[in-house]
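S.K.:
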Amino acid sequence: MSAGSHDIYEFEVLEVFKGNVGTVTTVETPSQGPSCGISYAAGVEYLLFASEGGGAGHSWKSSLCHGPSTPSAVGVRSALERKYGPPHPPHSAGPASEISWWTRTTAVVPLPLMAIAGVVLTVVLWRTVVIARRRRTGHQAGNGRER
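Take the sequence shown: its letter number 65 is residue 65 in the UniProt record's numbering, and every next letter is one higher.
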């Protein structure tokens with residue numbers, strides 16, 4: 001899911017080398033390759049190197065600059081096992097992070113466009129109130145003259 005200059009992916013977590021990760025989590029990456037962005041395909045297992053992101057709509061950040069985010073490589077896995085020990089399953093009580101309705105909405109309709117729509121709606125409502133008050137004031141003034 002694209003959220004402006006970044007993409008947000010939702011992953012099912014199978015195993016963890018380090019950190020407290022839930023069974024489902026979200027990862028943000030730049031959407032452009034020159035910005036170290038990477039694309040992930042559905043149904044492919046990846047060995048992710050991620051850092052805590054904690055931004056809106058995602059829990060983690062990952063990019064090509066974080067290291068190999070490619071499908072599991074034997075050499076990388078064995079190096080990780082030497083450093084951190086064998087991987088453990090994700091914590092079922094760990095922080096599960098799914099893509100929220102707000103992130104889905106703002107990814108489809110860009111936030112600046114939503115802001116412009118909000119301003120236009122506010123102006124239209126304000127104008128409607130002003131016209132209604134003028135008509136009511138004019139109507140009341142007209143009633144006063146007839147007496």
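All C-beta atoms, glycine included, are put in the ideal place defined by N, C-alpha and C.
Quick check: is the beta carbon of residue 126 nearer than 9 Å to any beta carbon in chain D?
M.R.: No chain D appears in this structure, which consists of one protein chain only.
S.K.: Would you say the segment 81-94 touches the segment 20-29, given that touching needs at least three Cβ pairs under 8 Å?
M.R.: Yes: at least three Cβ pairs fall under 8 Å.
S.K.: Taking the alpha-carbon of residue 53 as reference, which of 18, 114, 62 has the nearest alpha-carbon?
M.R.: Taking only the C-alpha atoms, the option nearest residue 53 is 62.
S.K.: Could you pull out every residue in the same chain whose Cβ sits closer than 8 Å to the Cβ of residue 64, ignoring the five residues on either side in sequence?
M.R.: So the list reads 33, 36, 37, 38, once near-sequence residues are dropped.
S.K.: Between the alpha carbons of residue 113 and residue 138, how many angstroms are there, rounded?
M.R.: So the alpha carbons of these two residues sit roughly 37 Å apart.
S.K.: Tell me the rounded alpha-carbon separation between residue 85 and residue 79.
M.R.: Whole-angstrom Cα-Cα distance: 9 Å.
S.K.: Per DSSP, what kind of secondary structure is residue 124 in: helix, strand or coil?
M.R.: DSSP places residue 124 in helix when its eight states are reduced to three.
S.K.: Our contact map puts residue 48 next to residue 76 with C-beta atoms below 8 Å; I'd like the distance itself, whole angstroms only.
M.R.: 11 Å between Cβ atoms; not a contact.
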